[in-house]
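> Sequential numbering of the sequence shown, starting at 83, is according to our numbering. Each residue gets a CB set at the ideal place from its N, CA and C atoms; glycine is no exception.
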Amino acid sequence: MNVLSLKAIVSSGSFPAMVLFSLPDGTGYSLPTCHNTLLPAFAVATGGAYACNVIHFFSRMRYLSSDANGFNLSSIISSVVNVIEQFHSLTIVSVLNSYVSINNSLINSYNEGDFLVEVKPVFDEMFYKRKGFEIDIFMLVNMLTTFMVMKDSTGGAQFHVHMSKNDFARKSHVDSGLIDMSSKVGWIVDAMKVFKEVDDPNLVVWNTMISSACSNLSSPSQGKQMHGLTIKTKSPSNQTFVDNALVSMYAKCGNLKDVSMLFEMMPQRNMVSFNTMTIAYAQHRLGLEALELFKVILDTENEPTSIIFILVLSAYVHTRKVDEGLEYFDSMRQKLTQYAYFFHITLDFFGGSVAV
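(1) For the stretch 325-341 against the stretch 355-367, do three or more pairs of beta-carbon atoms, one drawn from each stretch, fall closer than 8 Å, so that the two count as touching?
(2) Assuming E371 is part of the alpha helix (DSSP H), what are its boundary residues?
(3) Grouping DSSP H, G and I as helix and E and B as strand, with all else coil, what is V256?
(4) First and last residue of the alpha helix (DSSP H) that includes V324?
(5) Look at the alpha carbon of E374 and the alpha carbon of M263, and state the distance between them as a whole number of angstroms.
(6) Helix, strand or coil, according to DSSP, for M359 in the structure here?
(7) Does P203 come out as helix, strand or coil in the three-state DSSP assignment?
(8) So for V439, helix, strand or coil by DSSP?
(9) DSSP three-state call for K233: helix, strand or coil?
(10) Let me know the secondary structure DSSP gives M348 once reduced to three states.
(11) In angstroms, rounded to a whole number, what distance separates the CA positions of E371 and N284?
(12) Tell me the DSSP secondary structure of M353 in three-state form.
(13) Under a three-way DSSP split, which group does N186 fall into?
(14) Can you tell me whether P283 is helix, strand or coil according to DSSP?
(15) Which same chain residues end up closer than 7 Å to S294 when comparing Cβ atoms and leaving out the 5 residues on each side of it in sequence?
(16) Using the Cα positions of K334 and Q240, report the straight-line distance between them to the nearest angstrom.
(17) So, N289 versus T322, is the Cβ gap smaller than 7 Å?
(18) How long is the line joining the alpha carbons of L328 and H366, rounded to whole angstroms?
(19) Taking the continuous alpha helix (DSSP H) assigned at H309, which residues delimit it?
(20) Assuming the contact rule is C-beta atoms closer than 8 Å, V267 and G238 should be a hit. Round their C-beta distance to whole Å, please.
(21) So is G259 buried or exposed if we call it buried at 16+ other beta carbons inside 10 Å?
The following block contains the structure:
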């Protein structure tokens, strides 16, 4: 099996990426020339949940005298959000911080890790920006995301002008990013103006505009009309996703009767369905119903999420079942990856009870 075949198998997930660690240094797969091919596949196969494995493989690559370069660093930066600052330092020490691909990966990883303050210096120090050359379109989309998360409407508007002057505003990725950013900061009229300027909007642009318009719309009657439309279209491929959205809409309108009926009629339910229904009960102070639903979740193959955990604790408090709530917390402590964080939440919930 050659290196390209191994890369395809690892990327597909049908071959355990950890097996790469067991390959002896004398094999062809462990040669430095193979690492540029295998590292991106390894990063995709393991994902962010196993960042330490990616770092291990990267360290082995450097141990075998294979220097870091713009290609392999771009791949690994996208998978190590928790230690992004260390790899940012490595790009500077290795004089690789002039690569556009590396800067794109850095900005994207800083965004994912909510390190928004560090994003702007990376963008400002880009070689292409300082020299006045064109900047990569993906960099601009990442910057739009940053302005949106920071709710910096002024900076976003200035960035929009910059992109318009440089003919970037005609790209579909940029169009959808501008529409999304404008709506998130409350500029739905400006979002509509951007949409009308798009010559041939694709499905992504349409979805972004529709989602933006609906986010600022409070109309239960129109929501019911959309529900009727989903019934007329029979069974779309994403029926569960549509049903989850309908449950959420009716719950926000306070119509618990229709919410319960729709939830019971769902042909398939996923963890989002249970989260949405539990939130609906919690919002309307129906603690007993939330606890009953939690028992149903435990009987399914779905693993309770952190959202369910917090809502169930709240339900135990509101129904004055503090002892049962503490027993539940104790039974879940081994499954919680952020035990200290949830322990703090538990103290907040039970702080006003006699259990203290």
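The relevant details are as follows:
(1) yes
(2) G369 to L380
(3) helix
(4) Q321 to K334
(5) 40 Å
(6) helix
(7) helix
(8) The structure shown does not extend to residue 439, since the chain spans only 83 to 438, so no value can be given for it.
(9) coil
(10) coil
(11) 43 Å
(12) helix
(13) helix
(14) coil
(15) I261, D262, S265, I270 and A273
(16) 35 Å
(17) no
(18) 17 Å
(19) P302 to K314
(20) 7 Å
(21) buried
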